[in-house]
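Beneath this line is the structure, given in structure tokens, with notes to follow.
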Amino acid sequence: MAPRGALGHLSLVLGAAVAAVGSLLFIAWRRYFRGRWGARWEPPLAAGCCAEQLGFSKQQVLVLVLGLDGAGKSSVLHYISSEAAKDRTAPTQGFNPVQVPAEGFQIDLLEVGGSQNLRFYWNQFLSQAHVLVFVVDSADGPRLPVARQELHWLLAEDPRLPLVVLANKQDKRDALSVAELCRELALHLLNGQRQFFVLPTSATHAALATATSIRHVKSLLVKLLSQP
Ligand SMILES: Nc1nc2c(ncn2[C@@H]2O[C@H](COP(=O)(O)OP(=O)(O)OP(=O)(O)O)[C@@H](O)[C@H]2O)c(=O)[nH]1
Ligand SMILES: [Mg+2]
22 MAPRGALGHL SLVLGAAVAA VGSLLFIAWR RYFRGRWGAR WEPPLAAGCC
72 AEQLGFSKQQ VLVLVLGLDG AGKSSVLHYI SSEAAKDRTA PTQGFNPVQV
122 PAEGFQIDLL EVGGSQNLRF YWNQFLSQAH VLVFVVDSAD GPRLPVARQE
172 LHWLLAEDPR LPLVVLANKQ DKRDALSVAE LCRELALHLL NGQRQFFVLP
222 TSATHAALAT ATSIRHVKSL LVKLLSQP
């Protein structure tokens, strides 16, 4: 068996390696997308009107998808982009960009991994985001205080950014309800300037046809991003 000191050293080296890879991915990602998201996009759409009919080219909007590791961000994104559930997902080691076409524009969803060493990058994208989606594992009671703290730190940086909280894993027996989750996340503390929504979700095969379907998330995002 390896001595404790050696294990500690190994985990430090591994942690540093993951952070370095994360930084490189971040830099590459920023270079690739440089200029795509400048100032916040102001939707040129009138209600019920398609941008292309108005002569506008398709536009991109950024939805930032954050939440603790294991909350279900990648699963939700897979579900939104392919309308299919995935049996297994690997933890996101950096960034996971997903593009979803919507009527008249394109939604760029960007997940940043939720492990502790990647949370450092979370706020780097806030100024370019049009909506923040915060995914919570509703059955992970012990880590809800951490989720609450991380969420409120993010929100403090931008008092107006619309927020969509996904109360995920509603299929689990010990999942908290939306009302319980709102209490645990102290959402009553949010100021009145911000639009916010809490949706129950389940990124499972069985949930495709239920009221907790993640399809509702896509339609809410389209609605939010299309409003004048
Ligand atoms: N039962 C259940 N399991 C889910 C649900 N959503 C995700 N999972 C499972 O939860 C685990 C973690 O899901 P991920 O989508 O990888 O979580 P993540 O938030 O992307 O995690 P990181 O990338 O590490 O930040 C996987 O085993 C998923 O299959 C859900 O709604 N219900
Ligand atoms: Mg992930």
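Take 22 as the starting number for the sequence shown in this note's numbering and just add one per residue. Backbone N, C-alpha and C fix where the C-beta goes; we use that ideal spot for every residue, glycine too.
Inspect the beta-carbon positions of residue i and residue j and report whether they are closer than 8 Å.
i, j, result
"G93", "A230", "no"
"P112", "D129", "no"
"V154", "V84", "yes"
"L220", "L187", "yes"
"E205", "L211", "no"
"V82", "F146", "no"
"S95", "N117", "yes"
"P193", "A160", "Per the sequence shown, residue 193 should be read as Lys rather than Pro. For K193 and A160, yes; Cβs fall inside 8 Å."
"G135", "Q114", "no"
"L175", "L87", "yes"
Going by DSSP, name the residue or residues bridged to residue i.
i, result
"L220", "L187"
"N212", "Beta-bridge pairing links N212 to no other residue."
"A228", "A228 pairs with nothing; no bridge assigned."
"Q120", "D129"
"L153", "L85 and L184"
"D158", "N189"
Assign residue i to buried or exposed, taking buried as 16 or more other Cβ atoms, counted over all protein chains shown, within 10 Å of its Cβ.
i, result
"L246", "buried"
"A207", "exposed"
"H151", "buried"
"E124", "exposed"
"Q120", "exposed"
"V167", "exposed"
"K244", "exposed"
"F141", "exposed"
"N189", "buried"
"W143", "buried"
"Q191", "buried"
"A227", "exposed"
"G162", "exposed"
"E171", "buried"
"W132", "With the sequence shown as reference, residue 132 is identified as Glu, and Trp is not the correct amino acid for it. The residue is buried, with at least 16 neighbouring Cβ atoms inside 10 Å."
"Q149", "buried"
"K79", "Low confidence applies here, because K79 scores a pLDDT of 48, under 50, leaving its location unreliable; read the following figure in that light. Classification of K79: exposed, given that the 10 Å Cβ count is below 16."
Residues whose Cβ lies closer than 5 Å to any heavy atom of ligand 2, in chain order: K94, S95 and T113
The region 215-223 / the region 177-187 touching (three or more Cβ pairs under 8 Å): yes
At least 3 beta-carbon pairs within less than 8 Å: the region 231-244 vs the region 97-115: yes
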